[in-house]
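Step one of this worksheet: look at the structure below.
Residue numbers (this note's numbering), protein chains in the order written: chain F, -16 to 202; chain D, 171 to 321.
Below, the structure written as structure tokens:
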């Protein structure tokens, strides 16, 4: 049995798997896998978007009444935060393509910080909703609404932003892992597949928020 | 945000590792700026109630109210295309990857249209709107413990 191998301190240790003809073929296979995963993500969120459309068609006035209780300023702030994080993420991909190790991990760290800011803003929004009893289903205790279906909109709000928030959290773990690897200079022009694929995931999270913002906050 | 000084345009990096398209820093900044402007634009248009302009078109009997949601979704779609084309690099990606991703929205559209064709027209085919129709089932429910027999 081999003893614990000494791993190199710095530099790329990745090697092309034997069943791929070239590093490019492996890179493309990884990207195709990520794109197919993103397709399943679109359809995953699609169920909630479909529910949103059905109830909006049935209760348009209720949507307008309850949406007024969401703070569009916080929603707009979070939109700016996520778009900026998408920009820092794509800049990190570019840094990896140019083997700019210093700015690669810095841009990744900025992305992580912005993701954290997003969740902090979300925390303040959620606690305000909980405080006012604006909760899904049977937990809805707020009073003074004109429509008895108000809990449906709040339910959709929590499920859609909650599922999105879980995706942001998973993204933060992935970006954190990328930062650790980037500090060891494991990525460069020859190999940056994880930066590319996590980047694609992060942009999809941004895309979904781009639709959630007007649909939930700007009615 | 500082981007590296070397502004490589639409050039391809040549090396032992094939031809990966290096993202152009100008187009990334342009995309970022466009996304911020479109966010401001969608907030601004959401604060206009287009239904208030209905009286200008009174003889035509058109309702301008839906313009709000149509505009909001149009702006969100433009933003999504920008993110996909520039940030996700679909502009220079293999057509098959582009097709794969676009297909998800096509299937989402089918999913929504078929669902709405039910939920939007419930009750319009029968007089008993919103009621659960009572019907006599041909199935005779067997007492518990008996095994089903087929002829």
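Even for Gly, the Cβ is constructed at its ideal location relative to N, Cα and C. Keep in mind it's a predicted model, so treat the numbers as computed, not measured.
Please check if any C-beta of chain D sits within less than 7 Å of the C-beta of residue i.
i: residue 194(F); result: yes
i: residue 165(F); result: no
i: residue 153(F); result: no
i: residue 201(F); result: yes
i: residue 158(F); result: no
i: residue 0(F); result: no
i: residue 56(F); result: no
i: residue 197(F); result: yes
i: residue 29(F); result: yes
i: residue 40(F); result: yes
i: residue 45(F); result: no
i: residue -4(F); result: no
i: residue 37(F); result: yes
From the beta carbon of residue i, is the nearest beta carbon of chain F less than 7 Å away?
i: residue 274(D); result: yes
i: residue 220(D); result: no
i: residue 290(D); result: yes
i: residue 200(D); result: no
i: residue 312(D); result: no
i: residue 242(D); result: yes
i: residue 253(D); result: yes
i: residue 260(D); result: no
i: residue 173(D); result: Summary for residue 173(D): the model assigns pLDDT 40, below 50, so the residue's position carries little reliability; its value from the coordinates is reported in the next sentence. Judged by the 7 Å Cβ criterion, residue 173(D) is in contact with chain F.
i: residue 192(D); result: yes
i: residue 187(D); result: Because residue 187(D) sits at a pLDDT of 46, beneath the cut-off of 50, its placement in the model cannot be relied upon, and the following sentence gives the value as read from the coordinates. It does; some Cβ of chain F falls within 7 Å.
i: residue 278(D); result: yes
i: residue 316(D); result: no
Quick check: what's the CA-CA separation for residue i versus residue j?
i: residue 252(D); j: residue 96(F); result: 23 Å
i: residue 10(F); j: residue 241(D); result: 38 Å
i: residue 88(F); j: residue 180(F); result: 16 Å
i: residue 220(D); j: residue 7(F); result: 52 Å
i: residue 187(F); j: residue 93(F); result: 18 Å
i: residue 52(F); j: residue 208(D); result: 24 Å
i: residue 225(D); j: residue 236(D); result: 15 Å
i: residue 205(D); j: residue 90(F); result: 19 Å
i: residue 80(F); j: residue 172(F); result: 4 Å
i: residue 255(D); j: residue 164(F); result: 27 Å
i: residue 177(F); j: residue 161(F); result: 7 Å
i: residue 43(F); j: residue 75(F); result: 42 Å
i: residue 234(D); j: residue 244(D); result: 16 Å
i: residue 224(F); j: residue 214(D); result: Nothing can be reported for residue 224(F): it is not among the residues displayed for chain F, which extend from -16 to 202.
i: residue 292(D); j: residue 262(D); result: 46 Å
i: residue 16(F); j: residue 198(F); result: 30 Å
i: residue 22(F); j: residue 281(D); result: 14 Å
i: residue -4(F); j: residue 114(F); result: 51 Å
i: residue 270(D); j: residue 25(F); result: 12 Å
i: residue 178(D); j: residue 239(D); result: For residue 178(D), the predicted model reports a pLDDT of 38, less than 50, meaning its position is unreliable and no value from the coordinates is stated.
i: residue 218(D); j: residue 210(D); result: 13 Å
i: residue 46(F); j: residue 232(D); result: 22 Å
i: residue 14(F); j: residue 151(F); result: 20 Å
i: residue 136(F); j: residue 223(D); result: 28 Å
Given residue i, which residues of its chain have a CB within under 6 Å of its CB, disregarding the five upstream and five downstream residues?
i: residue 32(F); result: none
i: residue 57(F); result: 104 and 108
i: residue 268(D); result: 260
i: residue 141(F); result: 119
Among residues of its own chain, excluding the 5 on either side of residue i, which ones have a beta-carbon nearer than 8 Å to its beta-carbon?
i: residue 70(F); result: none
i: residue 18(F); result: 183
i: residue 246(D); result: 212
i: residue 194(F); result: 32
i: residue 154(F); result: 98, 181, 184, 185 and 188
i: residue 248(D); result: 208
i: residue 175(F); result: 76, 79 and 80
i: residue 59(F); result: 196 and 200
Return the chain-ordered list of same chain residues with a C-beta closer than 7 Å to the C-beta of residue i, the five sequence neighbours on each side being excluded.
i: residue 100(F); result: 64
i: residue 168(F); result: -7, -6 and 84
i: residue 197(D); result: 256
i: residue 191(F); result: 28 and 147
Legend entry - Residues in the region 204 to 234 of chain D having any Cβ partner in chain F nearer than 7 Å: 205, 206, 209, 212, 213 and 216
Legend entry - Ranges of the alpha helix (DSSP H) found wholly within the region 191 to 260 of chain D, counting only runs of at least 4: 195 to 216 and 237 to 252
Inset, instruction - For the region 7 to 61 of chain F, list the beta strand (DSSP E) runs that are entirely contained and at least 3 residues long, ordered along the chain. - result: none
Inset, instruction - Taking only beta carbons into account, state which residues of the region 55 to 89 of chain F come closer than 8 Å to chain D, listed in chain order. - result: 55, 59, 62, 63, 66, 67, 69, 70, 71, 72, 73, 74, 76, 77, 78, 80, 81, 83 and 86
Legend entry - Proximal residues, the region 9 to 24 of chain F versus chain D, C-beta separation under 9 Å: 10, 11, 14, 15, 18, 19, 21, 22, 23 and 24
Legend entry - Residues in the region 175 to 193 of chain F having any Cβ partner in chain D nearer than 7 Å: 183, 186, 189, 190 and 193
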